[in-house]
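Enquirer: Structure below; questions to follow.
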Ligand code: HEC
Ligand code: HEC
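In this note's numbering, the protein residues as written are 17 to 270.
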C-alpha cells in the first residue's frame, strides 16, 4: 500500500457551526485541515491511535521515527524511517508492513480490530512513514533476535545498570524502587514490587531473577501475556542486561 498524495484529512473531530454573525461568546472551534503526512505524524505520537482507553502507549513510546530523536533512550522497536522499503519485518517473521504495524496495535496497544489498507488512519500512517528521510541502511531489514531459551546473564556493573533502567525501563515503569512517573499503572515499580509479588517463601533466588529475564526477553509473548514489549539481543545485550540485574541486586538474593 502506498498512500502518498492522499487527500487532506480533517484532524479535528469537533466542528461548531458559526454563522456570519459569529459565535457569540463561545470559543471558536476550528476544523484543522492537515495533510495525510501531518495526520500520520500526529497519530504516531498519540495513544488514542489504538481507539481504546486501556492503552497508554503511542508508537513513539517504542519507536523512533528518525534514528537518534529519542536521545539515549533504548526503545524496543526499530526506528521507522525507511520501514516502507524494508524487505521484511519483525526479524523476518513478517513480510507485510501493514501486518507488522497491526501486530503492535493488537499485542501492545490492545486495539480490537486491525487496520485495513483503506482505513484513513492506516493511510495517514503510511504517508508519514514514507515521508521520513531514509538515510544510510534505513531501508535494510532490521535484525531482531528474540531470546526464547532463557539463561542468567553474567552479573555486571550496577552503576551502568542504573543508567540502563533510566534509558530502557523508566518510560513505562517510572523511577527505580518508587515507580514514580510511571506511564502504565500495571507496570510494577522495579524491582521491589515484582519481588514483593514473588515472595521468598514461594520462589527461589534463581526463580526470582528469572522472572525478570523472562519478562524482558519475552515481553507478552511465549505464553507470558501482558502488554510489555520484548527486548531483543540487539536492543539489550546480555552484558547490559547483567548490569541492569546487578543494579536491581538480583544476584544477591537469598
Ligand atoms: C510497546 C511497544 C510498541 C508499540 C507501542 C508499538 N510498537 Fe511497533 N514494534 C515493537 C517491537 C518490539 C517490534 C519488533 C521489533 C522490530 O522489528 O522493530 C515492533 C515492530 C514494528 C514494525 C516492524 C519494524 C521492522 O523493521 O521490523 C513496524 C513497522 C512497527 N512496529 C510500527 C509501529 C507503529 C506504526 C506503531 C503505532 C501504531 C507501533 N509500532 C507501536 C514495539 C512497539
Ligand atoms: C513500553 C512499556 C514498558 C517498557 C519499556 C518496559 N516494561 Fe516492563 N512491564 C510493562 C507492563 C505494562 C508490565 C505489566 C505486565 C504486562 O502488561 O506485561 C510490565 C511488567 C514487568 C515486570 C513484572 C513481571 C511479572 O510477571 O511480575 C518486570 C520484571 C518488568 N516489566 C521489567 C522490565 C524491565 C527490566 C524493563 C527495561 C529493560 C521494562 N520492563 C521495560 C511495560 C513496560
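Glycine included, every Cβ here is placed at the ideal spot set by N, Cα and C. Note that this is a predicted model, so its numbers are computed, not measured.
(1) Could you name the residues of the same chain whose beta carbon sits closer than 7 Å to that of residue 196, not counting the 5 residues immediately before and after it, in chain order?
(2) At which residue ranges does the segment 48 to 111 contain complete alpha helix (DSSP H) runs of 4 or more residues, listed in the order of the chain?
(3) In angstroms with no decimal places, state the Cα-to-Cα distance between residue 114 and residue 216.
(4) Can you list, in chain order, the residues of its chain whose CB lies under 7 Å from that of residue 144, leaving out five sequence neighbours each side?
(5) Quick check: residue 126 and residue 68, are their CB atoms within less than 8 Å of each other?
(6) Residue 128: buried (16+ other C-beta within 10 angstroms of its C-beta) or exposed?
(7) Cβ-heavy atom distance between residue 237 and ligand 1 below 7 Å?
(8) From what residue to what residue does the alpha helix (DSSP H) around residue 256 run?
(9) Are residue 187 and residue 89 touching if we call contact CB-CB under 8 Å?
(10) Give a single yes or no on whether residue 77 has its beta carbon closer than 7 Å to a heavy atom of ligand 1.
(11) Once you ignore the five residues that flank residue 107 on each side, which residues in its own chain have a CB closer than 6 Å to its CB?
(12) Consider the C-beta atom of residue 243 and the heavy atoms of ligand 2; say whether any pair is separated by less than 7 Å.
(13) In whole angstroms, give me the CA-to-CA distance for residue 149 and residue 155.
(14) From 96, 256, 84 and 230, pick the residue whose C-alpha is nearest to that of residue 164; which is it?
(15) Would the C-beta of residue 166 count as close to ligand 2, meaning under 7 Å from any of its heavy atoms?
(16) Among 119, 72 and 246, which has the Cα closest to the Cα of residue 162?
(17) Which stretch, first to last residue, makes up the alpha helix (DSSP H) that contains residue 212?
(18) Determine the DSSP secondary structure at residue 127, reduced to helix, strand or coil.
Expert: This is what the structure holds:
(1) 190
(2) 52 to 60 and 75 to 78
(3) 45 Å
(4) 53, 56, 57 and 60
(5) The answer is yes: Cβ separation under 8 Å.
(6) Note on residue 128: under 16 other CB atoms within 10 angstroms of its CB, so exposed under the neighbour-count rule.
(7) no
(8) 254 to 263
(9) yes
(10) yes
(11) 160
(12) yes
(13) 10 Å
(14) 230
(15) no
(16) 246
(17) 208 to 213
(18) coil
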